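Enquirer: Have a look at this one.
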Amino acid sequence: MTSVMNLLEFRLLPVLVSRLPDERMDIQIMILDTLYNCLRLGGSKYMPEVPIQCDAMGAFTRILKKEVVADTRVAAAKCIMMLSFYKECKIQAYQGETTGILIDMLSDSKSPVRAAAAGALMAITIDVEAKKQLVRENAVNTLIRLLDDTNESVLLNVIKVITNVAEDYRGRFELHSCIKTVSA
Numbered sequence: 209m210t211s212v213m214n215l216l217e218f219r220l221l222p223v224l225v226s227r228l229p230d231e232r233m234d235i236q237i238m239i240l241d242t243l244y245n246c247l248r249l250g251g252s253k254y255m256p257e258v259p260i261q262c263d264a265m266g267a268f269t270r271i272l273k274k275e276v277v278a279d280t281r282v283a284a285a286k287c288i289m290m291l292s293f294y295k296e297c298k299i300q301a302y303q304g305e306t307t308g309i310l311i312d313m314l315s316d317s318k319s320p321v322r323a324a325a326a327g328a329l330m331a332i333t334i335d336v337e338a339k340k341q342l343v344r345e346n347a348v349n350t351l352i353r354l355l356d357d358t359n360e361s362v363l364l365n366v367i368k369v370i371t372n373v374a375e376d377y378r379g380r381f382e383l384h385s386c387i388k389t390v391s392a
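Start counting at 1 in the sequence shown, then tack on 208, and there's your number in our numbering.
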């Protein structure tokens with residue numbers, strides 16, 4: 209906790225975000241892990257203003273757009289999830305490219321990537337407009353298919369996203385076909 213507060217006190221979060229795209233992959237993962245802890249433990253004095261000012265959501269999204277290893281994609285998605293607990297950041301996520309990229313990640317061959325993407329979408333879809341966007345982008349069918357996933361983290365996060373999306377009328381209608389699967 210002290211090291212996170214020191215990073216924030218010395219205004220190093222924007223520096224880390226700006227360095228993120230240019231670093232080697234192994235360094236990117238360490239930076240993303242550090243940023244995750246800053247976002248998780250930063251407190252109201254710094255969150256969400258500092259990440260918004262330095263376009264952290266944009267930086268994380270750009271990492272997801274690259275062809276990078278699964279560990280990097282997982283770390284970036286976890287940062288997006290943490291950032292998306294703030295209303296302003298949810299809006300950034302669904303108004304930009306972030307949500308679409310996360311939906312695509314739900315079809316990744318690696319289960320940690322699917323789990324991290326679903327976790328980020330779970331945080332984003334608490335917002336009404338984000339729920340509607342997921343339905344408009346036909347993510348419901350992908351979510352239904354993931355109910356057969358054998359990875360518990362994927363399954364747990366997908367159920368949370370489905371719960372959020374079910375609050376949207378059209379989403380609830382599309383999810384009607386999977387009620388037996390979810391209740392089993």
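Don't be surprised by glycine CBs; every beta carbon is placed ideally from N, CA and C. None of the values given here were measured: they were computed from a predicted structure.
Is DSSP giving G304 helix, strand or coil here?
Expert: Within the sequence shown, numbered from 1, the residue matching residue 304 stands at position 96. Looking at G304 - three-state DSSP - the assignment turns out to be coil, as it is neither helix nor strand.
Enquirer: List the whole-angstrom C-beta distance separating A323 from N359, where the pair is believed to meet the contact cut-off of C-beta under 8 Å.
Expert: Mapped onto the sequence shown, residue 323 falls at position 115. Mapped onto the sequence shown, residue 359 falls at position 151. About 6 Å; that satisfies the 8 Å criterion.
Enquirer: Once you ignore the five residues that flank L289 on each side, which residues in its own chain have a CB closer than 6 Å to its CB?
Expert: As a position in the sequence shown, residue 289 is number 81, starting the count at 1. First, the residue type needs correcting, since residue 289 is Met and not Leu in the sequence shown. Here the set comprises G327, A328 and A331.
Enquirer: Looking at R378: is its Cβ nearer than 8 Å to the Cβ of V343?
Expert: To locate residue 378, count along the sequence shown from 1; it is residue 170. To locate residue 343, count along the sequence shown from 1; it is residue 135. Against a cut-off of 8 Å, the Cβ pair of V343 and R378 comes out as a contact.
Enquirer: If you draw a straight line from the alpha carbon of M238 to that of F381, how long is it in whole angstroms?
Expert: The count along the sequence shown starts at 1 and reaches residue 238 at position 30. The count along the sequence shown starts at 1 and reaches residue 381 at position 173. Distance between the alpha carbons of M238 and F381: 42 Å.
Enquirer: How long is the line joining the alpha carbons of C262 and I309, rounded to whole angstroms?
Expert: Taking the sequence shown and counting its residues from 1, one reaches residue 262 at position 54. Taking the sequence shown and counting its residues from 1, one reaches residue 309 at position 101. Computed Cα separation, rounded: 21 Å.
Enquirer: For N365, count neighbouring Cβ atoms within 10 angstroms of its own Cβ and tell me buried if that reaches 16, exposed if not.
Expert: Taking the first residue of the sequence shown as 1, we reach residue 365 at position 157. The residue in question, N365, is buried, as its Cβ has 16 or more Cβ neighbours within 10 Å.
Enquirer: Assuming the contact rule is C-beta atoms closer than 8 Å, V225 and A267 should be a hit. Round their C-beta distance to whole Å, please.
Expert: In the sequence shown, the residue the question calls residue 225 occupies position 17. In the sequence shown, the residue the question calls residue 267 occupies position 59. The pair is a contact, with the Cβ atoms about 5 Å apart (cut-off 8 Å).
Enquirer: Would you tell me roughly how many angstroms separate the C-alpha atoms of I352 and A285, rounded to the nearest one?
Expert: Counted from its first residue, the sequence shown places residue 352 at position 144. Counted from its first residue, the sequence shown places residue 285 at position 77. Between I352 and A285, the C-alpha separation is close to 21 Å.
Enquirer: Using the rule of at least 16 other Cβ atoms within 10 Å of the residue's Cβ for burial, across every protein chain shown, is R232 buried or exposed?
Expert: For the purposes of this step, residue 232 is taken as the residue at position 24 of the sequence shown. R232 is exposed by the Cβ-count criterion.
Enquirer: Going by DSSP, what residue range makes up the alpha helix (DSSP H) through T333?
Expert: Taking the sequence shown and counting its residues from 1, the one referred to as residue 333 is at position 125. Run containing T333: none; DSSP gives neither H nor E here.
Enquirer: Would you kindly report the start and end of the unbroken alpha helix (DSSP H) that includes N349?
Expert: Translated into the one-based positions of the sequence shown, residue 349 becomes position 141. Here the alpha helix (DSSP H) through N349 covers A347 to R353.
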